[in-house]
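Colleague: If you scroll down you'll find the structure; I have some questions about it.
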Amino acid sequence: MSIFINRLAGEGKEGIQTREEYNYAKEQLLKLDRGVLVDALLKLAIEPGSASLLVSGLIASQEERIVLFQDYIRRVTHQSRKTSLTGHQILQILTRALDLLDPERIAPKTGLQLLESFYLTDSWALESTTELDFDFEYLFTEVAYSLFDEFAVRCKDHEYVQTMIKRLLADDGYGMRGNLKNVTRL
27 MSIFINRLAG
37 EGKEGIQTRE
47 EYNYAKEQLL
57 KLDRGVLVDA
67 LLKLAIEPGS
77 ASLLVSGLIA
87 SQEERIVLFQ
97 DYIRRVTHQS
107 RKTSLTGHQI
117 LQILTRALDL
127 LDPERIAPKT
137 GLQLLESFYL
147 TDSWALESTT
157 ELDFDFEYLF
167 TEVAYSLFDE
177 FAVRCKDHEY
187 VQTMIKRLLA
197 DDGYGMRGNL
207 KNVTRL
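Note that my numbering numbers the sequence shown so that position 102 is 128, with each residue one more than the last.
This is how it looks when you write it as structure tokens:
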């Protein structure tokens, strides 16, 4: 794992802080397709607060993306009085977390497990603010659902998918998981 990605995942710090990290990030970004970079810049124009999260995801290997995803979820679910996140910060972190998941590059069961941990953040997200309910609803019921469906379709273990869906639906106190019953696999 690169020093930059390792530091971000291990310490929860954001941003490039050394010349070595800058050079590593630049080298990795130069390898990316121009279209990917254009999309990333447009996302930054819309959501300026999540720039370092976006860059981290762009330059990370697939293994690093999984570690980053887990770290982003941990940031949301392991807040304390000292490290309390605003609703906007939670929305940005969760959005960037989903950006890290690629159903074509991640094993289906791994993707489903990661998305299960994502769905378990619904209480943190919705209790953080009342101003972003629509944004969180879209993130959970559209973006995350679409990814979940893609991973479920690719998963050969039908019983595993059904068991996970039942588990998530059994504890849907915020109404963010209901559409999982419509997963293509079922």
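Beta carbons: idealized from backbone N, C-alpha and C, even for Gly.
Between the segment 170-185 and the segment 153-161, are three or more C-beta pairs nearer than 8 Å?
Modeller: Verdict: no, contact absent.
Colleague: With H, G and I counted as helix, E and B as strand and the rest as coil, what does DSSP make of Tyr200?
Modeller: For the purposes of this step, residue 200 is identified with residue 174 of the sequence shown, where counting begins at 1. Tyr200 falls in the coil class under three-state DSSP.
Colleague: Label Val62 either buried or exposed according to how many other C-beta atoms from any shown protein chain fall within 10 Å of its C-beta, with 16 as the threshold for buried.
Modeller: For the purposes of this step, residue 62 is taken as the residue at position 36 of the sequence shown. Label assigned to Val62: exposed.
Colleague: Closest by CA to Val135, which one among Thr167, Asp175 and Ser110?
Modeller: Locating residue 135 in the sequence shown gives position 109, counting from the first residue. In the sequence as displayed, the identity of residue 135 is Lys instead of Val. Answer by Cα proximity: Asp175.
Colleague: Cβ of Leu111 within 7 Å of Cβ of Gln118?
Modeller: Translated into positions along the sequence shown, residue 111 becomes position 85. Translated into positions along the sequence shown, residue 118 becomes position 92. It is not a contact, given that the beta carbons lie outside the stated cut-off.
Colleague: Just reading off the alpha helix (DSSP H) that His114 is part of, what are its end residues?
Modeller: By one-based count along the sequence shown, residue 114 stands at place 88. Looking at the DSSP string, the run of the alpha helix (DSSP H) that includes His114 is Gly113 to Asp125.
Colleague: How is the alpha helix (DSSP H) around Leu80 delimited, first residue to last?
Modeller: Translated into the one-based positions of the sequence shown, residue 80 becomes position 54. Segment Ala77 to Ile85, the alpha helix (DSSP H) holding Leu80.
Colleague: Would you mind sorting Gly201 into buried or exposed? The rule is 16 or more other CB atoms within 10 Å of its CB.
Modeller: As a first step, residue 201 must be located in the sequence shown, where it is residue number 175. Exposed.
Colleague: Excluding the 5 residues preceding and the 5 following Ala123 in the sequence, name in chain order all residues of the same chain whose CB lies nearer than 7 Å to its CB.
Modeller: Position 97 of the sequence shown, counted from the start, is the residue given in the question as residue 123. Excluding sequence neighbours, Ala123 sits near Phe95, Tyr98, Ile99 and Phe144.
Colleague: Would you decide whether Asp59 is buried or exposed? Buried here means 16 or more other CB atoms lie within 10 Å of its CB.
Modeller: By 1-based counting over the sequence shown, the position of residue 59 is 33. Its Cβ having fewer than 16 others within 10 Å, Asp59 is exposed.
Colleague: Check for me: the alpha helix (DSSP H) holding Phe177 runs from which residue to which?
Modeller: Locating residue 177 in the sequence shown gives position 151, counting from the first residue. From DSSP, the alpha helix (DSSP H) with Phe177 extends over Tyr171 to Arg180.
Colleague: Can you give me the Cβ contacts of Asp198 inside the same chain, cut-off strictly under 7 Å, excluding the 5 residues immediately before and after it?
Modeller: Position 172 of the sequence shown, counted from the first residue, corresponds to residue 198. Excluding sequence neighbours, Asp198 sits near Gly204.
Colleague: Would Thr109 pass as a contact of Thr147 if the rule is Cβ separation under 7 Å?
Modeller: Within the sequence shown, residue 109 is the residue found at index 83, counting from 1. Within the sequence shown, residue 147 is the residue found at index 121, counting from 1. Going by C-beta atoms, Thr109 is not nearer than 7 Å to Thr147.
Colleague: Could you tell me the alpha carbon to alpha carbon distance between Arg12 and Leu56, rounded to whole angstroms?
Modeller: The displayed coordinates of the chain run from 27 to 212. Any statement about residue 12 would go beyond what the structure contains.
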